[in-house]
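Heads up, the thing below is written out as structure tokens.
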Amino acid sequence: MQRKWFLISFLSNNLEQVLNNNITEKDLVEGCIADKRQYQETLYKEYADKMFTVSLTYTDDEDEACDILQEGFIKVFRNLHKFNFEGSFEGWIRKIIVNTALEHYRKRVREEENLSVYETHIEPQIEGILDTINANELIKLVNELPSKAAMVLKLYAIEGYGHKEIAEQMGVTVGTSKSQLNRARFLLKQSMSKTHG
17 MQRKWFLISF LSNNLEQVLN NNITEKDLVE GCIADKRQYQ ETLYKEYADK
67 MFTVSLTYTD DEDEACDILQ EGFIKVFRNL HKFNFEGSFE GWIRKIIVNT
117 ALEHYRKRVR EEENLSVYET HIEPQIEGIL DTINANELIK LVNELPSKAA
167 MVLKLYAIEG YGHKEIAEQM GVTVGTSKSQ LNRARFLLKQ SMSKTHG
């Protein structure tokens, strides 16, 4: 009877510690690696909302964003042993989610027809429009862009990737990355001019 009480007390104390987030990041990671369910649930609950927002940045489809989130967290749990505690843990998770979103994007592109080459030399004048548009409107306009152009714009503007890294991640040339960024900028300016011009 005393052994049973000790076990219940031990488990409830550990669960309470995890639920109250009185554990270090290292303890959380090590608990997850040791397949301790309460630590895994805590990690997921701690980062799921933030990473869902990241997922939604790369798709306008909530179902696909959920798929990205779930697949991303599976990769997080499978690769926790590789996290070396030298950088930001949240940044490490975010990179996995972004890479998962890129995988979804590449798969979607393979399934879609090839985009036609887009060329233009005319840019509408939109001075002051960015001052009048709110973040939600801007996100909506970005998500309405063709998928390849939107992905390049998001990786460049939000994640801070350079054209070489974008090209490697998306399986395109640096020139394609640059032209898709220019296309995204042009189409975005055009949309903003129509909406607010």
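Under this note's numbering, the first residue of the sequence shown is numbered 17, with each subsequent residue one higher.
Every residue gets a Cβ at the ideal spot worked out from N, C-alpha and C, and that includes glycine.
The model shown is predicted, which means the values in this text are computed figures rather than measured ones.
Contacting residues, own chain, Cβ-Cβ under 7 Å from residue i (five flanking each side not counted)
{"i": "G187", "result": "R122"}
{"i": "I182", "result": "V168, L171, Y172, S193"}
{"i": "E80", "result": "H120"}
{"i": "L204", "result": "L157, V158, L161"}
{"i": "F101", "result": "K42"}
{"i": "K210", "result": "none"}
Whole-number beta carbon distance between residue j and residue i, since they are thought to touch under 8 Å
{"i": "L85", "j": "S71", "result": "5 Å"}
{"i": "T116", "j": "E87", "result": "5 Å"}
{"i": "S163", "j": "V125", "result": "7 Å"}
{"i": "A165", "j": "A200", "result": "4 Å"}
{"i": "H97", "j": "I49", "result": "6 Å"}
Candidates the options: closest to residue i by CA position
{"i": "T227", "options": "V168, E175, A200", "result": "One cannot answer for residue 227 here, as it falls past the ends of the chain, which runs 17 to 213."}
{"i": "K66", "options": "I155, C82, G47, Q206", "result": "C82"}
{"i": "I174", "options": "G103, L197, V45", "result": "L197"}
{"i": "D76", "options": "E41, D51, E106, I155", "result": "I155"}
{"i": "G47", "options": "K210, L96, Y55", "result": "Y55"}
{"i": "S104", "options": "R53, H120, K42", "result": "K42"}
{"i": "R94", "options": "Y63, E62, V45, E102", "result": "V45"}
{"i": "Y63", "options": "F89, G191, E153, Y74", "result": "F89"}
Spatial neighbours of residue i in its chain, beta-carbon cut-off 6 Å, leaving aside the 5 residues before and after
{"i": "S207", "result": "L157"}
{"i": "H179", "result": "V190, S193, K194"}
Cutoff 9 Å: residue i Cβ touching any chain D Cβ
{"i": "I90", "result": "Absence of chain D from the displayed structure is noted, only one protein chain being present."}
Beta-carbon proximity list for residue i, same chain, < 8 Å, skipping 5 on both sides
{"i": "E78", "result": "L72"}
{"i": "F99", "result": "V45, F105, W108"}
{"i": "N38", "result": "none"}
{"i": "Q185", "result": "N115, L118, L171, Y177"}
Task: the region 107-116 / the region 148-162 touching (three or more Cβ pairs under 8 Å) - done: Contact between the region 107-116 and the region 148-162 is absent, with fewer than three C-beta pairs closer than 8 Å.
- [ ] Entirely within the region 55-127 and at least 4 residues each: give me those alpha helix (DSSP H) ranges in chain order.
- [x] Taking only runs of at least 4 residues, the alpha helix (DSSP H) segments lying wholly in the region 55-127 are 78-95, 105-127.
Task: Within the region 154-191, ranges of the alpha helix (DSSP H) (whole runs, at least 4 residues) - done: Entirely contained in the region 154-191, the alpha helix (DSSP H) runs reaching 4 residues are, in chain order, 163-173, 179-186.
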